[in-house]
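So for the sequence shown, my numbering puts the first residue at 836; every next one is plus one. Heads up, the beta-carbon is just placed ideally off N, CA and C, and yes, glycines get one too. Let me begin by presenting the structure, written as structure tokens, before commenting on it.
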Amino acid sequence: MLSTKQRILNASVKLFNEYGVDAVRLQQIAEEIGISVGNLAYHYKSKDAIIESVYEQVIDEFSHIFRQYLQSPELADFDQQLSLYYQFFQANQFYLAEFFKASTTPGDHTVAWQQAVNKMLLQLRSWLLFHQQREVLKPEPAPGFYDQLAQSLWMSLVFSPIFSTMRGLPSTETSYKQAVWSHIRPYFTEQGLAEYQADVVPLLSY
């Protein structure tokens, strides 16, 4: 059973996604989980305290996805990691909007997110190098090419659902993963394509 503090955070994320962080009031959060504002204030003294805890939770969830990669970097495992990314960005849509708000004095959570983004890019680049060494991916056609591919993958991972929404198209987990794999498929070797078709394609067909 979830604690009251966790229920408050979950309700806050839901409302932040629906209305935006600035528009949500403490009364709304309390009503969402059926408690009084006084009870809510017992756990979190202010809305700022809730926001800070929500941001910490977001970064913790993101870090958890990194740890999945460290455990298993194979193609099928990467596909599972894509599912985690999809679920993360769907559950925390408000966070990107908050991150892009103009600010001359970035807060701690902004710095933490910037660090997470850089780690994500490094992880993607190391994943490409790992599979190039395995001869699953072709050698770089030009120096720095896989650095650019890592950036393209990052853009697809983060912004693909938003792009679909802007175009009025549904964003599903399968379409999300297919969009990411479409960046990688042209660079598979014959060995890599065989592994992809055997281990990943069945996961994209549900």
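Going by C-alpha positions, Ser847 is about 6 Å away from Ile864. Straight-line measurement puts the Cα of Phe965 at about 33 Å from the Cα of Pro1005. Looking at the DSSP output, Leu972 shares a beta bridge with Phe1023. Glu909 sits in coil when the DSSP states are folded into three classes, being neither helix nor strand.
Judged by pairs of C-beta atoms under 8 Å, the region 876-886 touches the region 836-845, as three or more such pairs exist. Judged by DSSP secondary structure, Ser999 falls within the alpha helix (DSSP H) whose first and last residues are 980-1001. In this structure, Ala977 keeps its C-beta atom at 8 Å or more from the C-beta atom of Ile894. Within the model, the alpha-carbon separation for Asp914 versus Ala1029 is close to 15 Å.
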